[in-house]
Each structure stands twice: as C-alpha cells, then as structure tokens.
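Heads up, the thing below is written out as structure tokens.
Number of protein chains: 2
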Amino acid sequence: MSIQVTTLDNGFRVVTDVIDTVETAAVGVWVGVGARHEKKEINGVAHLLEHMAFKGTERRSARAIAEEIESVGGHLNAFTSRENTAYFARVLKDDVPLAVDILADILQNSTFEAGELERERAVIIQEIGQASDTPEDVVFDRFQETAYPGQPLGRPILGSAENVGAMSREVIAGYMRENYAAPTMVLAASGRVEHDALVTIAEDAFGGLPTNGGPNRAPARYRGGDVFESRELEQVHLVLGFDGVPFKDDDYFTLSVLSNLLGGGMSSRLFQEIREKRGLVYSIYSFTASYADGGLFGVYAGTGEKQVEELLPVMCEEIAKVGASIGEDELARVKAQLKAGILMALESTSARLERIGSHMLVYGRVLDVAEVVDAIEAVDAKAIARMAARLMASRPTFAALGPVGRLEAMGSLAERFA
Amino acid sequence: MSIQVTTLDNGFRVVTDVIDTVETAAVGVWVGVGARHEKKEINGVAHLLEHMAFKGTERRSARAIAEEIESVGGHLNAFTSRENTAYFARVLKDDVPLAVDILADILQNSTFEAGELERERAVIIQEIGQASDTPEDVVFDRFQETAYPGQPLGRPILGSAENVGAMSREVIAGYMRENYAAPTMVLAASGRVEHDALVTIAEDAFGGLPTNGGPNRAPARYRGGDVFESRELEQVHLVLGFDGVPFKDDDYFTLSVLSNLLGGGMSSRLFQEIREKRGLVYSIYSFTASYADGGLFGVYAGTGEKQVEELLPVMCEEIAKVGASIGEDELARVKAQLKAGILMALESTSARLERIGSHMLVYGRVLDVAEVVDAIEAVDAKAIARMAARLMASRPTFAALGPVGRLEAMGSLAERFA
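Those protein sequences? They're chains A and B, same order as listed. The working numbering applies: residue 357 is where the first sequence begins, and numbers increase by one. The working numbering applies: residue 357 is where the second sequence begins, and numbers increase by one.
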C-alpha cells in the first residue's frame, strides 16, 4: 500500500493511494457533513445541496459540467450519507487535473440559480417517490427513525417532499458556508495518480477554503421500539436490530465478525437455518452501521405473509444465541471471508478511493491493511460473546412493511430479548 | 491482453485472461442455456436447476459446498439469463483448483435430493415475491412478454410459482442432461491463474462431459404492443422499446453508440431534456439486450402520475429524432465514454471473467479490446441514422406499471411512431 497524506495550510487534506498497474484514476472530495447535521426544518438540505452542486457555477453551466467530464470519457457522481457527503469522478489518468478542477469549482463557486433549483426540487421529489416504491428502502428508513426517534440521525437522508419543495437558495448556500470548511474536507485519489502533483493542484484549487466552521451534531441517542406499516405487497420486509458501535469502539471489528458469522454469507447461521434448512426467505442478511458516536446492528429479511410466523421466532433465537457456542471452524471461516474480502476490494480503484476518503474523515489517517487484518484476527469467541451481550442489552428496534397483520398479533419484540 | 483458449477432446473449452498484478482470481463455468430454452410448461427450470446445483452432490452436502468455499475466504454465485447460465467463484489465487473442483462437482454430480428440492422451491417462490414487490423488475418482465408474446424468450426467467412448485426432480435432471453438454460449456478464469495448469485440471474435471446434446431454441419473433398494469405506487414505471439487434449484427456497435447518445450518461439527450431541463424524473436511461437471433432496445423512466403527460410526448420525440442532426462533439463524447468504460472494466477481475465467458459462448472467441474500440470508432452519424430508422420500423413495445390511468387515456404508442 502506498498511502500518502499532505495537509495544506488551511487544514484541507490530500490523500492518495497510488496503483501503478492501472491506466485510470478515481478522485473525489469527501466532506464530513451529512443528514445528521441538519435541524428538523431543513432535513434533506445536505442531499439537496449535493444535487445543486452539479447545477452550475460562475464558470460552468450544469450542462457544461456534464459535458466536460464525459467528453474525456469520465463520469461524475456523488452521494450523501448520514455523516458524509462525497463528490467523485472516474477518469483516465491524464484527466485527473480536469476532474479536480471541476470538483473544486462545483464545491466553491456553485450559483444555485433559481430556475435550476426549482427543477432540481422536482427531480428529488421524484427520487423520493422512487424510494417510496422500493420496500427495502422504506423499511430501512422506518428502522432508522425508530432507532433514533426525534433526532437528526433518525431522519431520512432525502428529507420530505415538503422540505425539499420549500428550502430557499439562502438556506442551501448558508448550509454550505457553515459546513464546508477546509479541515472537514479531504481530496482523495486512487489509481494512476502522483501525490506531489496532486498536492500542487490542490493548493491552487482548495487553498482558499475557509479554515473555520464545520458541522455541529446532536448526540446519537439510541432508543428502539416497534414500527409496523401495512402495505399491499407479496412479502413482509422486516429489519430487526440493536444499538451498535461507533467507528472507534474497541469492539468495532468484533461486531464486524459477529455480523458476518450471523448473516454474512451462504455458510452463515441465518442463511443456513432460515433459507437452507427452512426455505423461508430468498434474502436474509445482517448489517452494521457506525457513526462518530453510535452505531446500529441488524438483520433484514423478506418473507411471505404466512411464513413470517415461523421466521420471526427462529430469527430471534439465532440472534439471541449468537454469542454462545462459537465453533473454531466457524470463526476461522468468517475471518477468512473478511480478510479475502479486503484483498478483493483492493483490486478496485473506486473501493480504494472510498476507503481512503472515509478513513481520513473518521480516523484522521488511513488504517493499514495489515492493522485491519490483525484486528480481525484478534477477535475471539469471548469477545463475540461480550459484544452479543452488549447488543442484547439494548431495546430492540423492529420495522416491518407489507402484510404485517400476523406480525402485529405476535406481540412485542422487546419481550423476546428480555 | 493475455487471452488463451484450449478446446478439450469433447469440445469443452477453457479460456483464461491472466492478470499478473492481482492476488486473486475469478473462475466460472458459462453454459449456453437459459430461460429461452424452455417449453412453456417448464418455464423456470433453467433457474431452478441453477439453484439446485448448490443443494448437494454425491460427495458434498449443500452445507459443505458453502463451507468449503467460504472457509478459504472465497464465495460462490450464479445467475440465469435468457440465453446463459453461469456459475462462478471469487477466490485467492491458490484456491483456484478447489473452486474448479466444486464447480465440476455441482455441474456433474448434483443429486437433486427430494427434501432439498422442496425447500428450494419455497426459496424461489420467495424470490418471485421479492421481484414482484420491485416495480422495475415487474415492468421489465411485462416489457419482455409484450415484445415476444407467447414465446420462450418472452417468459420470465424465474417462472411462475405454480411451475416452480410443480416441476419434478426428473424434469430438472432431464433438462440438465439434455442441455449441459461439453460443446456448450466454457470454463473461464481471470486474474492470477495459469492457463496450462487450468487446462490440466479441466481435463480431469470436465473431460467426461458428453459431447452430444445442447439446447434447442424457438426463433425470436419480435411483436410489440402496449401493456398497462395499474398498481398503487408513487411513480409510473415505464419502459418503451423497439426491435433491436442480435450479437453478431453489423450494427451491434452502432446501436450501442445510439443507446448511449440517447440515454447513457448525464450529458445524454434524455437526461438533459427530461431530467435537467424539465425535472420530470430521477431515473431515466436507455438499454440494449442482444440474443443469438434478435435483440431489444428501450428506455426506462420513472415519473409521477401527473408528470407522465408531459414526459411521454417528449420522450417519444427524443427517441424519434435520435438519428437526425447528430453533432460531432456529441458523437465524440459518446465514443470517449464507451472506450473509457471498456478500460475501466478491464480493472475488474469479475468483469473480465464475465467478458471472456460470454464472448466464448456468443462468438466462439474473445473479441480483442482493440477490435471493439475500432468498431466503436467506426460508427458515424450515417450509421446511427440507419440504425434509428431500423428501430422505428418496428412496432413499439410499451409497458407501464403504477398509476397508469392518464397514460392509458393518451392512446396508442404505436401511432406516435407511425
């Protein structure tokens, strides 16, 4: 691994991960602000701002932004998560300076022109409609709201159609001024790039960013509870979860191993017990999410209206006993999967960009691959049992969408873990 | 590129694409049979067989298959398309022999045990339920049925719950015996592999496959027409398309350029006109599908119930005029995108596996990257105009799902292209 980091005078950081064997690069700006850094009345602004960044600057129209990058065969994209917003490009190696120029322009000189804003509101309202037609998206939003009720961390990233329709140009520009500051922004590049050359470009392009500012956040206060939403669907889509761990928790990798052991692959306990032995689902998997000061762990399953009565008790039992009687073979297998997964991800220029960009924001440095592998190796059955007990000590969060009648009749989830 | 091909005595082919700079490999068996090689009463059997291949052999239980590959950090997967079925593994470089041993075993010694079959039927019925809750999946299935009505090529890959619930062990085993023959199967590997070593392994592992057999197909007879399905959704999900081109058509790459020019990226005509200028959608894109003897071209869009009245005429107009007044800049930009996309895909071990496996089945060889780039370069405005006229000469296929009342009231799509 060939990671290099340089910090400019204003606190803006440049990180590169050079891969000499490819002919392309991935380059992006990671910003440490997202949907959790929003007051209720402006929920959705981080995502609306991410969209508006592509809608024209003092130098470039929206169309010119799209055409400039695509005329060299590149492409631009962006995403907003609960703690980050990222803007990135995939380009051939010679076009890295162009990509950085465009990224710097859209992040510092966007005009948020009135007509463009009106049209982009309409686009996001369609995006909200599309998400609302996707059961998995809806049930995860309900899950998040129930885990963190009445808090920014529990609100949907897209915001509501009402908010998106109402937020003014000044609200968007003000949010950017407050939160897009040099110390919370990282220019990251992976692939065929040169660190020193990129730093020189970055000094010009991002050296003028303000040093003050950056996001404030309300603390994550996990609560839990049940939410059922009846909808005419073939399947009941359900998510059951618990209070998890923040990024820097000592048991961050313990939870990662626990999660994969429970629902990570074809040989995982949930897949074997619920799909292979009982035929109750097509999809079942566990997941983790981490934040600066909290996190979530959970399981998603989609099953039929009738099958849910058999599925739920078995799923709860597998979760409840995950810390008990862990076999050596099983533990070795999960570690092998995680380690091989890391190696395979290193083959992807885009995955390496994502890795270095997010690590800089979370840890202030990029974790060594060897360090991560060692941390995974160090997880033992005792640590998993401890982590499991910690999960189960929180009140469960349970969200279900679809034909939920039989589920509601089964009573409270919390009691099953009491 | 370092492609090598060897044909065994029984006609089974081995193809490798060595990448010396990685530590892993992707290896799989591509079989030239899929959902279009099914009679009506056994629609779904190719996909059911693909699932049953993982459910146990004479030597290995279903659980052993999952555990063996995952204990070395690898993973197994498979897919069924209309003309192909593929089984593949991602592993570290030293585990290629194990992956091939498992692939050879599940493709020649599967037992299709009765209890496993009953459970797997239930899993696929859940998969059908999940697809039915995904509007984009449903509208594409309706589109395919309407393009090829009453033909195997028009039927859903998953089949119906009735068929999946009813097909016997003998039907599945018989389908495999008839269609899985050496000359229609390819062992493909990309990444850190050695061609000669793989051939030696393959002689042992696949040398006993029968030389006779292979799938029969009914010819693709494109028809077109309209289908509307009313469902309570936020968006109308719609697909509008035309008769396209088979893989070996002289204008295969012409259609690829046309499709990207119309709806391939942020600078494409549909994205600019319908999302950027009018704010009518979040998602709009064009696509192509090719088969041995036919193909499809189309556009997907998701929009609101009210917006559909503005969207449909504009979308039709953009499609109708795609062959006219193509700018040189525009054409150069689309070619640059396609060429860069090829380069970027070459960085992915999995994408290279998919490429060589499918090329061997379609062309009997792997197309050179330079050859593909030349073919893209050769496409000019005249060829696109010719291709557009050819598309428009077919009767349109139009599928819509959601609140479709206003759409239905707008009359026949065919007349708009008359």
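Note that the Cβ used here is the ideal one computed from N, Cα and C, for glycine as well.
Query: Segment contact flag, the segment 757-765 of chain B with the segment 611-629 of chain B, C-beta cutoff 8 Å, min 3 pairs; Result: no
Query: Beta-carbon proximity check, phenylalanine 444(A) vs leucine 717(A), cutoff 8 Å; Result: no
Query: Close-in-space but distant-in-sequence residues of the same chain around valine 637(A) (CB under 8 Å, 5 per side omitted); Result: Ile630, Arg631, Ala657, Gly658, Thr659, Gln663 and Leu667
Query: Limits of the alpha helix (DSSP H) - the one that arginine 446(A) falls within; Result: First-last for arginine 446(A): 441-448, but that is the beta strand (DSSP E), not the alpha helix (DSSP H).
Query: Residue(s) in a DSSP beta bridge with valine 371(A); Result: Val361(A) and Ala544(A)
Query: Proximity of leucine 596(B) and proline 752(B) at Cβ, strictly below 8 Å; Result: yes
Query: Outcome for serine 782(B) when other beta-carbon atoms lying within 10 angstroms are tallied against a minimum of 16; Result: This structure does not reach residue 782(B), given that chain B is present from 357 up to 774, and the question cannot be answered.
Query: Backbone secondary structure at leucine 757(B) - three-state DSSP; Result: strand
Query: Contacting residues, own chain, Cβ-Cβ under 6 Å from alanine 576(A) (five flanking each side not counted); Result: Leu509, Tyr647, Asp649 and Gly650
Query: Beta carbon proximity, methionine 766(B) to chain A, threshold 8 Å; Result: no
Query: The segment 530-548 of chain A touching the segment 367-384 of chain A, judged by at least three CB pairs closer than 8 Å; Result: yes
Query: Buried versus exposed call for aspartate 599(A) [16 or more other C-beta atoms within 10 Å across all chains shown]; Result: buried
Query: 8 Å Cβ cutoff met for valine 452(A) and valine 549(A); Result: yes
Query: C-alpha gap between arginine 634(B) and histidine 403(B), whole angstroms; Result: 41 Å
Query: Among Gly679(B), Val383(B), Lys691(B) and Ser639(B), the one whose alpha carbon lies nearest that of methionine 743(B); Result: Gly679(B)
Query: Proximal residues of chain A, C-beta to C-beta of threonine 380(B) below 8 Å; Result: Ala696, Leu699, Met700 and Glu703
Query: Classification of tyrosine 719(A) by the beta-carbon crowding that lies within 10 angstroms, buried from 16 upward; Result: exposed
Query: Chain A within 8 Å of glycine 485(B), Cβ atoms only; Result: yes
Query: Residues, ordered as in the chain, of the segment 472-498 of chain B that lie near chain A by beta-carbon distance below 9 Å; Result: Glu472, Glu474, Arg475, Glu476, Arg477, Ala478, Val479, Ile480, Ile481, Gln482, Glu483, Ile484, Gly485, Gln486, Ala487, Ser488, Asp489, Thr490, Pro491 and Glu492
Query: Residue range of the unbroken beta strand (DSSP E) whose run includes aspartate 599(B); Result: 591-599
Query: Environment of threonine 610(B) [buried if 16+ CB atoms lie within 10 Å]; Result: buried
Query: Minimum Cβ-Cβ distance from methionine 622(A) to chain B less than 8 Å; Result: yes
Query: Straight-line gap, aspartate 552(B) to valine 520(A) (C-alpha atoms, nearest Å); Result: 60 Å
Query: Per-residue burial, glycine 761(A) [other beta carbons within 10 Å of its own, 16 or more giving buried]; Result: exposed
Query: Cβ pair count under 8 Å reaching 3, the segment 694-706 of chain B against the segment 419-432 of chain A; Result: yes
Query: Glycine 600(B) at chain A interface by Cβ criterion, 8 Å; Result: no
Query: In DSSP terms, what glycine 569(A) is bridged to; Result: In the DSSP output, where bridge partners are listed per residue, glycine 569(A) has none listed.
Query: Among Leu473(A), Glu397(A) and Leu454(A), nearest to valine 383(A) - alpha-carbon criterion; Result: Leu454(A)
Query: Simplified DSSP assignment, three categories, for threonine 610(B); Result: helix
Query: Residues of its chain near alanine 478(A), where Cβ-Cβ distance is below 7 Å and the 5 sequence neighbours each way are ignored; Result: none
Query: Cβ-Cβ distance between glutamate 394(A) and valine 401(A) below 8 Å; Result: yes
Query: Proximal residues of chain B, C-beta to C-beta of alanine 574(A) below 7 Å; Result: Simply none; closest approach about 29 Å.
Query: Chain-ordered chain A contacts of glutamine 360(B) [CB-CB under 7 Å]; Result: Going along chain A, no residue has its Cβ under 7 Å from glutamine 360(B), so there is no contact; the nearest lies around 20 Å.
Query: Inter-residue spacing [alpha-carbon to alpha-carbon] between tyrosine 641(A) and alanine 726(A); Result: 27 Å
Query: Residues that alanine 844(A) contacts on chain B, provided the C-beta gap is smaller than 7 Å; Result: Residue numbering for chain A in the displayed model covers 357 to 774; residue 844(A) lies beyond these limits and cannot be assessed.
Query: 8 Å Cβ shell around phenylalanine 410(A) - same chain, five flanking residues per side excluded; Result: Ala418, Ile421, Ala422, Leu432, Ala434 and Ile462
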